[in-house]
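One structure below.
Numbering (the UniProt record's numbering), first residue to last: 1 to 1270.
Structural data, given as structure tokens:
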């Protein structure tokens, strides 16, 4: 249908945005489920917190939220076809009025109907029944045995009636002779529980305050007027002087008129005008023996919003008083009436009373029974699981005799190998390495000292040769021993900072020794190991050695430890140095070698005291080194002032510059500027003075250039000079390696070069290859392939090519001098990817890449003064720029350090982190529940420390095991711990993002990645080729997917080892472990029963990632006019704003599936990490519904009354949502406490079977059902 209505234009993007104050609602059956669960734990007498204890704090807090947005809420339904109809309208009306009357005494409506039906419509009998059920007499109440005739009882009652009439006058009424009495009261202290009355009271007080203020102002104004005598002529009627009269013409204000002024009327309202009365009704049913027996005592009110529970509770107190007095036959009505008006006594009782009145959802005649049904079948169920078995060997264990025998066998094989031709050839190659010349010196130093520092340039062979020198020396010395002489045992461990380098160096050393990996030489990394009982030289990651220290604090069987690449200053290697420093004093037989590739070896030598340092020269070819001023001078590059890569000139600078250059007036300053001043802060004259040996054009370019911007024009110009200029005499072959800061810069330069005639595809002379860690393994592999004949490679790389990747045919290096480095701000709990200048050590490492196969050239695109004076000599140690939580947990798991204060331990590290960073990390561990306030590990902390992942990912895995969705959670944990399986091929980012959004699930990146993994696994199970095709079609990395599967199995082994998963993995061979992921089948259906419940998975993600919460702010609701009327306009993604508690406004990363979403069902997202580049970006996010946010958040929960509405506050009020009723807020609070108790119980006792636990199954099942249905 075509509409003639003109649609309203979307609102502008800059409009007010707020968080929507959403309302937490629970269906009736959900509320019944929660109450049944809580009563099964606490007993039938359990009751929720009383509404009367809440004080309304006003509605100011809610003004920061959108409220009552007009959203349609379906709260339930009712089948009116089942209503019984009598056919008699008068009878229906009588029943309706009868129920209303019974309900006016605060009894539950369903009970009123049940009592009326039970007594065939007799209201008096129904009222007596309700009174007996709601206010049963105490069990020890003695029966009335004395016989009193009716006349005597009537006389006693008549006397009391007359007394009450004389005291209360018209407030006392006998409604039915000798049957029903009624007293009415104004009780202000009970009206304080009425929201409407409190609102009126506040308005009255405000009005009175305003009136008082007005009167004060009038009084002050009168005082200010000059006091003149009154004019008698004017008082008599007329003064002929008028305004010129010297006397006052003011008249006295009549008293009656003053009383009639506005504001006076409302303050003297008579009691009769106030509609809010409380009625105390006393009924004497037939046979009642009052005053020797309690009468029916009922309280009701005309105030409509006084809570019914409050009336019942006050009534209960009055009944108690009545019972105590009637025990002695004393008239009690006056005492009870006086008690009702006693503010202090009634208030104390309301606050302390916890009596549970009959539940309106159950029958009035319900009698609690003992739950024997479950007891019979559950008595013999096991309370604990059997501990699982991993089947993973912890390492070969031999007794001393077996060890000696194995050592002799190794020595024999080594001596036999000396005549092997292949071994001799390898030995010949080893002798050509610079490190070979230092072999005897290294061995001698290790004999004389306990620790040695070796410094050697790239390519000297230290990583492969030094461990072999120690091994060969032991083998040669052992070969000289007689057969009966004892053989000294040797075990050498060499740590590497990365898994790939540990494998690569181990395989290279095994090749050089002409043996298979896993014999004498092996490696051990997180996902695999190749060692045997014959292994005497093990290459491992630093983390593996640290984990070994937990079980073997003194490394009792290790004789030599070599820490390679210590110059990289990783957090683990710095911590290992601390441990080794302390261990060397306990084990004087332990030998340690520290190997560094740069010139900071003295730092390590001074840390350990006066120890020897040995330098090994490199084997690289000479590399010509040029800086920015050199290449500008040689190549003649011109930078114009209007270039986009020119720095911003101040007003007038551009004209002055042009004028001076045009007339050649620029004169250098008398003296060169101070070396500490950076180029960008120099004036023109100072620039010419600093670079006096260079041309005016070069100085101009240096002055104009923005040193922080990457200039593709300059890079293309320098490349042209390298490949086409004939004056420099540089090689005409070899690859060109360009170091750029990040992927964005690589893309910019790649696009610029691809459009060039010389370097683009049209020129057919060069192959452009990007290299970045985010690219697929297949794309990275292009770097190592030889280019087609007649072509040269130009590699655009980040700092990954400094150490991790070696390009063998590289001859030229262009170093842009900047890199992106992760930094961690402990105050904001945020990692940022910041652009920083490389260190001199980085620059020299990059220079060394150019001289591996022939003499090369390195061109630094920054000046020599910056290199010499303004950049750091060494990189910032990793321990200063990463989160410290894993390190703190590791300290607490090491027996030698666990009892020491964390600040003391970290203060002893080679360059310790700041106290502020340590304190912030401790606070985060306390928040997540891993440390207690005394800095001791909690049960959760013990388990998290055993998992080699971030503490939040570890928590995710534990919750997955508890809530029976293990396989799904392990998949998400592996992805978060490793990386996303989605890839963005170069130039196809938009297409890849669109394909990723086709997998989008429940506004969640985590569930989207899980969905993609499941679908790939489903395809791969059909055939390997099908899985490969699926991955390629959907921009998924096959290698990453396979690695995720391997990591899942390792995580499963860890959970089995700490007792959380009771399965046996001992039958799994290594080949099976490396096959396709079959964990779902392996772990069984029971522990994965909730694996496809996305709402529960989102809740568990909330539990693990909290308090990493993003609030979604939306614009005010608007409408578009259409043919059917005004239709709500859903906001666009660009209309939304996002906030975190620490950072304020943030942005969703463009790769997130939520980045293009305009409407979210809940205003809360949780996230794993945030990164700061040009803005603060939140990467993977998951929307969390309201109920999981309340149940699974880790912070304290508070319930408050604001403007008549109950709100739930988290994070001290930063997160806020409204509860539909007071009961819902209280239910959620109590259920949350029970969930916390169950989780704490399970975490402290991992083998506990919650499904057979007395309350565990009930609580877990209730939580799952609520999250799934609400």
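Heads up, the beta-carbon is just placed ideally off N, CA and C, and yes, glycines get one too.
All values derive from a computational prediction rather than experimental measurement.
Query, Result
"Option in 106, 355, 440, 1220 with minimal Cα separation from residue 45", "355"
"Exposure of residue 257, with buried meaning 16 or more beta-carbon neighbours within 10 Å", "In this prediction, residue 257 has a pLDDT of 46, which is less than 50 and means its spatial position is unreliable; what the coordinates show is noted afterwards. The residue is exposed, with fewer than 16 neighbouring Cβ atoms inside 10 Å."
"Residue 177 burial status per 10 Å Cβ neighbour count (16 or more: buried)", "exposed"
"The stretch 981-988 contacting the stretch 1131-1140, beta-carbon criterion three pairs below 8 Å", "no"
"Per-residue burial, residue 903 [other beta carbons within 10 Å of its own, 16 or more giving buried]", "exposed"
"Distance between residue 65 and residue 676 (C-alpha atoms, nearest Å)", "52 Å"
"Nearest to residue 782 (by Cα), restricted to the options 798, 802, 807", "807"
"DSSP three-state assignment for residue 837, whether helix, strand or coil", "strand"
"Cα-Cα separation, residue 209 to residue 203", "10 Å"
"Min CB distance residue 582 to chain D below 8 Å", "Chain labels in this structure do not include chain D; a single protein chain is all it has."
"Endpoints, the alpha helix (DSSP H) within which residue 425 is located", "421-431"
"Per DSSP, the bridge partner or partners of residue 699", "Beta-bridge pairing links residue 699 to no other residue."
"Contact check, residue 1179 vs residue 1167, beta carbons under 8 Å", "yes"
"Distance between residue 745 and residue 814 (C-alpha atoms, nearest Å)", "14 Å"
"Residues sharing a beta bridge with residue 1144, DSSP", "1140"
"Closest by C-alpha distance to residue 353, when choosing among 384, 48, 1050", "48"
"CB contact flag (residue 1047, residue 945, <8 Å)", "no"
"For residue 383 and residue 1248, the rounded distance between their alpha carbons", "6 Å"
"Presumed contact (8 Å Cβ cut-off) between residue 493 and residue 538, rounded CB distance", "5 Å"
"Residue 583 versus residue 614 - alpha carbon distance", "23 Å"
"Own chain, CB closer than 7 Å to residue 682, minus 5 neighbours either side, in chain order", "673, 690"
"Where residue 1111 falls: helix, strand or coil (DSSP)", "strand"
"Cα-Cα separation, residue 499 to residue 566", "15 Å"
"For residue 963, the three-state DSSP class (helix, strand or coil)", "coil"
"Pairwise C-alpha distance: residue 199 and residue 213", "21 Å"
"Residue 924 versus 951, 943, 908, residue with shortest Cα-Cα distance", "951"
"Residue 542, buried or exposed, once every other Cβ within 10 Å from all chains shown has been counted against 16", "buried"
"Cβ neighbours of residue 1158 in the same chain (closer than 6 Å, five flanking residues each side left out)", "1130, 1131, 1132, 1133"
"Given residue 1002 as reference, the closest of 124, 530, 1184, 346 once Cα atoms are compared", "1184"
"Same chain, Cβ closer than 7 Å to residue 506, five either side skipped, listed in chain order", "517, 521, 522, 523, 539"
"8 Å Cβ cutoff met for residue 647 and residue 680", "yes"
"Euclidean distance between Cα positions of residue 365 and residue 1269", "31 Å"
"For residue 860 and residue 954, the rounded distance between their alpha carbons", "44 Å"
"Residues that DSSP places opposite residue 705 in a beta bridge", "646"
"Selected residue, minimal CA-CA separation from residue 593, among 466, 244, 111", "466"
"Nearest-angstrom Cα separation, counted from residue 853 out to residue 1031", "38 Å"
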